[in-house]
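Written out as structure tokens, the structure is:
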């Protein structure tokens with residue numbers, strides 16, 4: 001089974017990520033590569049240079065490159081994906097399954113960690129027209 005399994009990872013790139021999170025992500029990728037020989041990593045930017053949210057487009061661009069011939073099942077772990085990337089990804093996968101010669105199953109899973117979830121705060125950007133506030137990551141050195 002290990003020989004038939006392929007893992008495709010989408011890593012969201014955000015400004016000023018915590019070094020500890022990056023280190024943990026790299027350790028997780030190394031561990032996955034030790035378990036499954038075929039691990040593919042796609043880096044997807046959440047924001048454009050002008051601070052516009054472009055995650056959905058970047059996720060779709062990466063997902064369209066996936067070769068799914070002969071695939072019977074796709075599992076999307078929604079746990080660490082932003083909604084702006086997860087919804088377009090699942091929608092595209094379902095469409096590709098419906099349109100392909102060999103349909104595949106799309107499974108979506110979410111793993112929750114209540115202690116971790118309590119530490120996550122929502123980032124709300126002020127409208128660009130106000131000029132009164134800047135995105136929080138722009139205030140850091």
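Numbering (my numbering), first residue to last: 1 to 141.
Glycine is no exception: its CB is placed at the ideal position from the N, C-alpha and C atoms.
Checklist entry - Which term fits residue 134, buried or exposed, when burial requires 16 or more other beta carbons within 10 angstroms of its beta carbon? => result Any reading at residue 134 must be qualified, since the residue scores a pLDDT of 48, below 50, and its modelled position is unreliable; the value itself is stated next. Under this definition residue 134 is an exposed residue.
Checklist entry - Once you ignore the five residues that flank residue 76 on each side, which residues in its own chain have a CB closer than 8 Å to its CB? => result 86, 89, 90, 93, 106, 107, 108, 109
Item to check | Residue from 70, 61, 45 with nearest C-alpha to residue 82 | outcome: 45
Next on the checklist: Quick check on the DSSP output: what are the complete beta strand (DSSP E) runs of length 3 or more inside the segment 85-119, in order along the chain?
Outcome noted: 105-109
Next on the checklist: Taking the alpha carbon of residue 66 as the reference point, which residue from 40, 56, 50 has its own alpha carbon closest?
Outcome noted: 40
Checklist entry - When the distance is taken between beta carbons, is residue 54 closer than 7 Å to residue 48? => result yes
Next on the checklist: Quick check: what's the CA-CA separation for residue 3 versus residue 30?
Outcome noted: 17 Å
Next on the checklist: Does residue 51 come out as helix, strand or coil in the three-state DSSP assignment?
Outcome noted: coil
Checklist entry - Pick from 96, 51, 116: whose alpha carbon is nearest that of residue 72? => result 96
Item to check | Closest by C-alpha distance to residue 114, when choosing among 98, 79, 84 | outcome: 79
Next on the checklist: What residue range does the beta strand (DSSP E) around residue 10 cover?
Outcome noted: Note, residue 10: beta strand (DSSP E), 6-13.
Item to check | Length-filtered (3 minimum) beta strand (DSSP E) runs lying within the segment 28-72 | outcome: 38-45
Checklist entry - Looking at C-alpha atoms only, which residue of 58, 50, 37, 27 is the closest neighbour of residue 13? => result 58
Item to check | C-alpha distance - residue 99 paired with residue 68, whole-angstrom precision | outcome: Rounded to whole angstroms, residue 99 to residue 68 spans 12 Å at the Cα level.
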